[in-house]
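Going by our numbering, 288 is the number at position 280 of the sequence shown; the sequence numbering is gapless.
Every residue gets a Cβ at the ideal spot worked out from N, C-alpha and C, and that includes glycine.
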Amino acid sequence: MAGNTLIARLKGKLIAGIAIGGLVYVLVVVYSGWRDLETALRDFPWLLFPLLLLLAFANYLLRFLKWHFYLGQLKIPLARGDSLVIFLAGLIMTISPGKIGELLKSVLLKQRNGTPLTVSAPIIVAERITDFISLVLISVAGLLVFTVSDSSLTILGVVAAILAAFVLVMSNRRLCLGVIALLERWKPLARIGGKMHNLYESINRLVRLLPLTVATFLSLCAWLCECLGFWIAIRAFTPDPSLLAACFIYALGTIIGVASPGGLGLTEGSMLTMLQTAALMGPAVLTKAPAAAATLIIRLATLWFAVFVGAVVLLRFQKRFGDAASELETELARKHEPRP
């Protein structure tokens, strides 16, 4: 069956992500001390955990609305039910190393209605851009209240500058079409000139003011749901933590984690550090074990829950996607073939 084959093809990538996650969590246990961490986890009111899952799922649904909105902006015909299945199935690759997670939704979409990857792939880029714009906005709100390290300011400044530059450049049709025209004169790239135009036309539509504003608003609401979940997790270990501090820590930790698959290692490490920083947490500052417990709980309720949801949806609706496994293998081979 296509879906089983697809899951089989993805298995190696999933195992790699799970292995990285396992190593990260072993280090967290060593850092916090097993006995202290066990006590903290045992003291957590696990009846709250379904609420954290509900908030995480609200994040997924709001981001789905953004995905479906983008499909409409590019006039890609797809029933809402199929759109939801493709979006949720794509969550399985949240922990994937490399670019495979970015390919999967476009591959499934192509199998469902024939949309070329060069038309749909820019949606993945626009999703990432608006996610990070919203996370930067949440972080900036924290900057107005808290004293943060120079490294945090540098990270936010660099990310904000990259986002602004990307949107401004992609909005400039004359500049981008001129660059594409120059690239087409180079023989190795001449044969993909049409694909470059398709890619640019799609991304240009998505960074216009109205789509950018709507998508950023949906992203902001989505990430605030997970920030709220993080605050609830922290409240189990310390009285009256600041909601704004929780939002800042979660948003900045997610931004820092962009450099690793699923943020593994970088997100956990940054959250652990900030939860133990008095300048951010004030009197609600946490010690090692409670900070580690809160971090592990929210990652279980967000990152790993996303992978679980994606796997369940992909297995359940496998017949909808034809020979997606072969298509995915072909695209991966193209990504890794030597450039002329």
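- The segment 237-246 makes contact with the segment 41-56: 3 or more CB pairs, one atom from each, lie closer than 8 angstroms.
- Note that the C-beta distance between residue 163 and residue 255 is not below 9 angstroms.
- For residue 84, the three-state secondary structure derived from DSSP is coil.
- Around the beta carbon of residue 261, 16 or more other beta carbons sit within 10 angstroms, so the residue counts as buried.
- By the CB criterion at 9 angstroms, residue 123 and residue 170 fall outside the cutoff.
- In this structure the segment 27-44 does not lie against the segment 195-213, because fewer than three pairs of beta carbons, one per stretch, are closer than 8 angstroms.
- If you ignore the 5 residues before and after residue 222, its C-beta comes within less than 7 angstroms of the C-beta of 77, all in its own chain and listed in chain order.
- In summary, residue 139 is buried, with 16 or more beta-carbon neighbours lying within 10 Å of its beta-carbon over all protein chains present.
- Within the same chain, Cβ atoms closer than 6 angstroms to the Cβ of residue 305 are found at 241, the five residues on either side in sequence being excluded.
- Your pair residue 192 and residue 64 does not check out as a contact, with CB atoms roughly 44 angstroms apart and the cut at 8 angstroms.
- Cα atoms of residue 70 and residue 226: separation of roughly 6 angstroms, rounded to the nearest angstrom.
- Annotated three-state conformation of residue 199 is coil, per DSSP.
- Counting every other CB atom within 10 Å of its CB across the protein chains shown gives residue 67 a total of 16 or more, marking it as buried.
- Taking C-alpha positions only, residue 250 is separated from residue 37 by approximately 26 angstroms.
- Counting along the chain, residue 279 sits inside the alpha helix (DSSP H) bounded by residues 274-283.
- Shown here for residue 142: same chain residues with a beta carbon closer than 6 angstroms to its own, the five before and five after excluded, namely 224, 227, 228, 231 in chain order.
- Under the three-state reduction of DSSP output, residue 245 falls in the coil class, being neither helix nor strand.
- By the neighbour-count criterion, in which 16 or more other beta carbons inside 10 Å mark a residue as buried, residue 128 falls on the buried side.
- Annotated as distal: residue 294 and residue 154, with beta-carbon spacing of 9 angstroms or more.
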